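Here is the structure we will look at, set down as structure tokens.
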């Protein structure tokens, strides 16, 4: 009777170890397939490109974009790409969203407060 119990215990331990190994192997291969491991594309250098050129290049590369910043500089052509995140040359997955900062088309307009008929003390108090 004790021999039967020892064989049963050994069988269950071996089955548990075998099932654990099989589960780990399936998990590793499944994650590689799910995350498209090794399937990457390099981020193109878009700095200085117009919006139309940028869209064409990103469509060809299989990448998406989002314009998240716009600053104005007199030295750069309006509507061109100033910065790309992640950096050009980085490896990313297909379908990744790139965050683009462009040069604005015009300067930001600001309202100037009306200080007419006010003393310097009143203006500084504001």
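Residue numbers (this note's numbering): -14 to 111.
Glycine is no exception: its CB is placed at the ideal position from the N, C-alpha and C atoms.
For clarity, every value in this text was computed on a predicted model and none was experimentally measured.
Alpha helix (DSSP H) segment containing residue i, residue limits
i: residue 114; result: The question about residue 114 has no answer here: the residues shown for the chain are numbered -14 through 111.
Cβ-based neighbour list, residue i, same chain, cut-off 7 Å, excluding 5 preceding and 5 following
i: residue 58; result: 88
i: residue 66; result: 31, 32, 33, 34, 39, 85 and 87
i: residue 63; result: 88, 89 and 90
i: residue 29; result: 42, 46 and 73
i: residue 79; result: 24, 26 and 47
i: residue 101; result: none
Sequence-distant residues of its chain with Cβ nearer than 6 Å to residue i (five each side left out)
i: residue 54; result: 86
i: residue 19; result: none
i: residue -8; result: none
i: residue 49; result: 82
Endpoints, beta strand (DSSP E) assigned at residue i
i: residue 67; result: 66 to 70
Counterpart residues of residue i in DSSP-defined beta bridges
i: residue 84; result: 51 and 70
i: residue 77; result: 26
i: residue 56; result: 88
Cut-off 8 Å between Cβ atoms - residues of its own chain near residue i, not counting five sequence neighbours on either side
i: residue 21; result: 78 and 79
i: residue 98; result: 111
Residue-level contact to chain C via CB, residue i, 8 Å cutoff
i: residue 83; result: Annotation note: the requested chain C is absent from the structure, which comprises a single protein chain.
Exercise for the section: Go through the stretch 5 to 42 residue by residue and report every complete run of the alpha helix (DSSP H) that reaches 4 residues or more, in order. Expected result: none
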